[in-house]
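One structure below.
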Ligand SMILES: *Cc1c(COP(=O)(O)O)cnc(C)c1O
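In the working numbering, the protein residues as written are 3 to 384.
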């Protein structure tokens, strides 16, 4: 019915309220629902199981990711944890070695206690992925672009491997958002987000979602969502419905600003390396052009040392030092001390997550202000 992405974002699941005509989906801030008589109700019994505001948001995000069903959770990690509950003791997962630190920590420090085993591989390396497959491999789990090294996974390639061994393919699509990348259309069975980031987009909520195109997975996720109970409150769902309406315009601006900043920084002598898939010099730029329709607002830069990272971040004014990303305001983060502390030093450094690495979440402020801010801060380290 709705064709274009922005139209879907604004209307899917968000038809005017039948009772009053309210154009915005009402916030059903309730825990329970009055029943007409025993065994007779309007389809709503208890708010862990059913909430109309949450249902509207779940339908919206499922539409945007081109799946058949969406499920909302209290955080991105709650979404990931709920997806992992599809597995059982004895199952094996092939995971990307370069991922959000919290995902790694969940797998390594908690889920291994429940009999799941994991092999971390370079998801750019087809042979390495194939070599990691075991008879009990049930899932291939990846993130693209990765946080913070901006490596890409060739989703069609990984999907072919997953299908050949009858394993599920799960993709964390937080960095690209469905505006730029739709993993289900490239073969993923499940796509998930920390909606705390671009979907929420205003740094005012913590939230997660999962979308699938399989009726079997959808039924099981629905059961897990209710039975394990990692649901969000209705207000967060309402905020997501509000935010998603501007996802298209926000992502366009994030990318436009990031592209200009990356081009400006690429040949700056203070920058030892820059990681942004929109640059033709990115080793996977061709793949980025094939499977993404835009490159997003995340850039990582190598400044050479901890001292330089400290001086650079201290002298930024428009960019705020903080964890998280994907909000309208520009943020800068030092992965080693902030988001990726739980990854062992050896592994971190092999991946390029060094003491001098700084990650920029480019916001949608005026480009000139962002440019001046970065150039001024760089003066202090050169
Ligand atoms: C932040 C983040 C998560 C975790 O999400 P929370 O909402 O913080 O629980 C997972 N994956 C990626 C890529 C992230 O950036």
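Glycine included, every Cβ here is placed at the ideal spot set by N, Cα and C.
A distance below 8 Å between beta-carbons, with the five flanking residues on each side excluded, links residue 82 to the following residues of its chain, in chain order: 105, 108, 174, 194, 210. Distance between residue 285 and residue 6, taken at the CA atoms: about 31 Å. Short of 7 Å from the beta carbon of residue 354, and not among the five residues preceding or following it, lie these beta carbons of its own chain, in chain order: 151. In the structure shown, the three-state DSSP call for residue 363 is strand. Listed as beta-bridge partners of residue 74 by DSSP are 211.
Of all alpha-carbon atoms in 233, 128, 225, 226, the one lying nearest the alpha-carbon of residue 78 is that of 233.
Counting every other CB atom within 10 Å of its CB across the protein chains shown gives residue 4 a total below 16, marking it as exposed. Between residue 142 and residue 112, the CB-CB gap reaches or exceeds 8 Å. For the options 103, 370, 52, the alpha carbon positioned closest to that of residue 336 is the one of 103. Cβ-Cβ distances below 7 Å link residue 16 to 27, 58, 62, 243 in the same chain, with the five nearest sequence neighbours on each side left out; the list follows chain order. DSSP, reduced to helix, strand and coil, places residue 86 within a helical segment of the structure shown.
DSSP, read as helix, strand or coil, puts residue 254 in helix.
Distance from the C-beta of residue 327 to the nearest heavy atom of ligand 1 is below 7 Å. Beta-carbon to beta-carbon, residue 140 and residue 93 are separated by about 4 Å, close enough to satisfy the 8 Å threshold. For residue 301, the enclosing beta strand (DSSP E) stretches over residues 300-304. Rounded to the nearest angstrom, the Cβ distance from residue 96 to residue 260 is 30 Å, too far for a contact under 8 Å. Taking the C-beta atoms as reference points, residue 326 is found nearer than 8 Å to residue 198. Annotated three-state conformation of residue 186 is helix, per DSSP. Set against 7 Å, the gap from the CB of residue 99 to the closest heavy atom of ligand 1 is not smaller. Residue 279 and residue 297 do touch by the CB rule: their CB atoms are close to 5 Å apart, below 8 Å. Rounded to whole angstroms, the separation of the alpha carbons of residue 318 and residue 303 is 15 Å.
Contact between residue 186 and residue 60 does not hold, since the beta-carbon distance rounds to 15 Å and is not under 8 Å. Membership of residue 369 in the alpha helix (DSSP H) is indicated by the continuous run 369-381. Between residue 330 and residue 366, the CB-CB gap stays under 8 Å.
In the structure shown, residue 145 adopts extended strand secondary structure according to DSSP, grouped into three states. In the three-state reduction of the DSSP assignment, residue 94 falls in the strand class, which pools E and B.
Of 11, 116, 288, 274, the smallest CA-CA separation from residue 180 is found for 11. The alpha-carbon separation between residue 346 and residue 122 amounts to approximately 13 Å.
Taken through DSSP and simplified to helix, strand or coil, residue 67 comes out as coil. Put simply, of 338, 269, 356, 343 the residue whose alpha carbon is nearest the alpha carbon of residue 380 is 269. In its chain, beyond the 5 residues on either side, 55, 236, 237, 240 have a beta carbon closer than 8 Å to the beta carbon of residue 29. Partner residues in the beta bridge of residue 192, as assigned by DSSP, are 172, 214.
According to the DSSP assignment, residue 12 belongs to the alpha helix (DSSP H) that extends over 7-13.
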